[in-house]
Structures are given as structure tokens and as C-alpha cells.
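K.L.:
One structure is given below, represented as C-alpha cells, and several questions about it will come after.
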Amino acid sequence: MNDRVFERRFSEHPAFWAACAAIVTVIYIYIFLTINEAQPEGTAGVIWLMLCFAMTGLSYLARRTKRLHHAQLRRWTDRAGSLWLLFVLYAFFTLIALETAGRFLGGGLPAWAELAASFALSLCLIALGVKQAHTIQTTKITVETEKLPPGEERLRIVQLTDLHLGPYTGVKLLAQILRRVREADPDMVLVTGDVADGSLEGRGREIAMFRRIRPKYGVYAVTGNHDYYDGIDKALEFMRRAGMRVLRGESVCAGGIVVVGVDDRDHLCEDKWGLSRSETVIVNTKSRFRDKFILLLRHRPVVEIGTQGLFDLQLSGHTHGGQLFPIISSRLFFRGHSRGFKKLKNGSMLYTSNGAGYVGPPVRLMAPPEIVVIDLVRK
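Per full-length UniProt numbering, the sequence shown starts with residue 1, numbered consecutively.
Here you go:
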């Protein structure tokens, strides 16, 4: 493996926290100076700084220490801290935009009006983002193929990805997601990683909810990066108890097609003949099933050059569609494809889903959560 940056959460890298602390401090001071400009002799600036330090400490306490033992208290302090930081970022971006516009237009609003407008817009964006994060949509795709078995005119598949079940998300959101799955009435359900995000102890209710999903050809899954962070064995146990067959560098025939799954890190692991472990799996699958529709499950939307044309459709997640527009997401910065449907070389196709869950603040902006319904139909 040569990509060490993915071995733990970004929030566990000291450099990440140092960079965040520096950026947030600059933003706090910038807004403080704007408040002092609006109220030169008032106490609003001091109150602002006290609030900043208190909320930042709350976020640090929830994420980086073990001092909060009560699960619900830890959950809500983490949410409050993350939403506060997002509020400050959006307010800062709005202030910069208003001041820049004022300079170009040769005027501008008074400092107090800019502050009021930026705070109000930031609150509206967060409210919109919270609502969007908890409103699952269904995305429908039709793929024509000549490789369906005789007598099969349509095979309906549902893709789930990036559920991020753990201390901060759980039953309520999962119930909405699985209700959408039942409404789609799929022949097969495919889960492309990041089922877990934190401890999955005491998750019997979620397991029971999953087990009520019984498509004709089964439920198949692959691992994602977050499934490794808190113990891959526990994540695998959860998935198997939930009725998923986890494909770890293997393929299975189901519904007249071939479903092949690779582990999240297989593209980083060197195998024989200079190929990665995932390349070897794909090449071997194609050599065994030359005339069948090959559906590749891989968490990251990475497509190795030598594999294009060796599979028909790849399903991936990981990017969250960016999740927090306009903030550049780490999931879009590193190698791979962005969200949506792509036609690749040699007849291969890729769909990268926004996913259904979220990481960090319970907010999605311009990146709605989704389940994906894919109809394979005879061409």
C-alpha cells in the first residue's frame, strides 16, 4: 500500500487539526474586526470571541477526547460543534462576497448590515442543508444490454452506499432509506461500502431492519474506507448479520449477471505481473465470464486504465457528491471520478452515487442523499 493518507480519518491527522485551527482562528478574528467596525465601543466583539472559544471547545471535546461518556450527550455536542463551525464558514464566505461586491460597485452596505445578512444567509443555508440531508431521493437509471439471460427482459438493482451508521446516525434515517428500497421492489440490492462509521455495538434494531429487505437474488456488499477505521472485523460481522454477502475480491453469479466486488484498498495492493489486487480480480472474472454482464462493486470511483472494457458497469460511492457546497471535499480532491453517470472507454460505464448518509455535520448542500435504482433492460 502506498497511499497512507486513507488509513485513518482526516479528523485523526494532527496536520488536519492544525490547518483547521489556523483557518478558523483567522475567520474568527476577521468577523471580530467586522463586529468592532459595526459597534466600535460595544461588547459584541468580546461576546463573539467568548462564543467562538466555547463552541470550538465543544467540538474538540466531542471529537478528540474521551471525557463525554454518555452517547447521546456526545452525539449532540458533536452536532452542535460541527454546525457552529459550518455556520462560521458560510458567514465568512458571505461577508467576503458582500465586501468584494461593494468594492466593485463603488459602495456597499454598512458593516452591521453585512454582518446581519451574512449571519441570516448562513442560518438559512444550514437549515436547508439539514433538511436535504434527511430527505432521501430515488435516482433512476436505465442501462440497455444484450447480455441479459434468455427470458429476462429487466433486472432491477438498487445501489446503497455511504450509510455511515454509527454513534451519530442510525434508526430514523435508515428507516427512510430502507422504505425507499422497498418501494423500488428490486431484484437485487448492492451496497458499495461505508456501512459503518464508528462503533456498531448494540445495533440489533438496524440489523433487523436490514434483514426485512429480501430481494429475489440477494444483497451483496463491499467494504469502504470507513469500515476499516473502527475495526474491519466488527463491520464485516454487522454486514453479514444484516443479511449481506460481502464480496472481498470475488465474484458471484446472480440473476443471470456476474457481480464482482473488490475491497476498498485493493487498488493500492500490488499483486503479481505488476497488477494491483483489484486488477487481477477483474481480469480473472472477465476471462471466466466473457459473455455475461459484469457488474463491478468498488467503494471509491477509481477506474484502473487496464480494466476498462473488462466490466460493463461499475457502481461506486465515497464522494458524497461533495456534501458541503461550496467547500472542496477531500472525497473529490483525490484520484477518482466525480458523481453521476459516466461512459468509459471500450464500452464500460460508471455510476458514482452521492450516497445516503453523511460525515461530520448532518448537512448536505447541493448534494442530495440518494438510493439508486438501476434497470438493466434488454437492448
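Positions of the beta carbon are idealized from the N, C-alpha and C atoms, including for glycine.
Helix, strand or coil for Q308, going by three-state DSSP, please let me know.
P.N.:
DSSP places Q308 in coil when its eight states are reduced to three.
K.L.:
Can the beta-carbon of E144 be found closer than 7 Å to that of K342?
P.N.:
No. Outside cutoff.
K.L.:
In angstroms with no decimal places, state the Cα-to-Cα distance between V302 and G108.
P.N.:
Approximately 46 Å between the Cα atoms of the pair.
K.L.:
Can you give me the C-alpha to C-alpha distance between A15 and V171, rounded to a whole angstrom?
P.N.:
So the alpha carbons of these two residues sit roughly 34 Å apart.
K.L.:
Do three or more CB pairs link the stretch 235 to 242 to the stretch 261 to 279 at distances below 8 Å?
P.N.:
These segments do not touch.
K.L.:
May I ask which residues mark the beginning and end of the beta strand (DSSP E) holding residue 450?
P.N.:
No answer is possible for residue 450: the residues shown for the chain start at 1 and end at 379.
K.L.:
Within the same chain, show all residues whose beta-carbon is closer than 6 Å to that of V372, passing over the 5 residues directly before and after it, in chain order.
P.N.:
So the list reads T139, Q159 and S353, once near-sequence residues are dropped.
K.L.:
Straight-line CA distance for A18 to L296?
P.N.:
Taking the straight line joining both Cα atoms gives about 38 Å.
K.L.:
Return the residue from the list F32, L58, A38 and S59 that minimises the CA-CA distance to I47.
P.N.:
When each option's Cα is compared against that of I47, the closest is F32.
K.L.:
Measure the Cβ-Cβ separation of A54 and R364 and say whether it is below 7 Å.
P.N.:
Cβ atoms of A54 and R364: not closer than 7 Å.
K.L.:
What is the rounded straight-line gap between the Cα of T100 and the Cα of T135?
P.N.:
Cα-Cα distance, rounded: 35 Å.
K.L.:
For S251, report the span of its beta strand (DSSP E) as first-last.
P.N.:
E250 to A254 is the span of the beta strand (DSSP E), which, as asked, contains S251.
K.L.:
Using a Cβ-Cβ cut-off of 7 Å (strictly less than) and excluding sequence neighbours within five positions of V130, which residues of its own chain qualify?
P.N.:
If we look at V130 and ignore the five residues flanking it on each side, its Cβ neighbours are P362 and V363.
K.L.:
Is R154 near D291, with beta carbons less than 7 Å apart?
P.N.:
Result no, Cβ atoms of R154 and D291 do not sit closer than 7 Å.
K.L.:
With a CB to CB cut of under 7 Å and the five nearest residues on each side skipped, what residues in its chain are close to L115?
P.N.:
Taken in chain order, the residues that qualify are T34, I35 and A38.
K.L.:
Report back the beta-carbon spacing between M244 and A221 to the nearest angstrom; my notes put them in contact at under 8 Å.
P.N.:
With a Cβ gap of about 4 Å, M244 and A221 count as contacting.
K.L.:
So, with DSSP's three-state summary, where would you put D233?
P.N.:
Residue state, collapsed to three classes: helix.
K.L.:
Is it buried or exposed, F104, if we count other Cβ atoms within 10 angstroms and call 16 or more buried?
P.N.:
With fewer than 16 other Cβ atoms within 10 Å, it is exposed.
K.L.:
Do you know how far the Cα of L315 is from the Cα of I282?
P.N.:
Each residue's alpha carbon lies about 14 Å from the other.
K.L.:
Over what stretch of residues does the alpha helix (DSSP H) that includes Q132 continue unbroken?
P.N.:
From DSSP, the alpha helix (DSSP H) with Q132 extends over A111 to A133.
K.L.:
By the 10 Å Cβ neighbour count, where 16 or more other Cβ atoms means buried, how is T142 classified, buried or exposed?
P.N.:
Under this definition T142 is an exposed residue.
K.L.:
How about A91 and S118: are their beta carbons less than 7 Å apart?
P.N.:
In contact: A91 and S118 (Cβ atoms closer than 7 Å).
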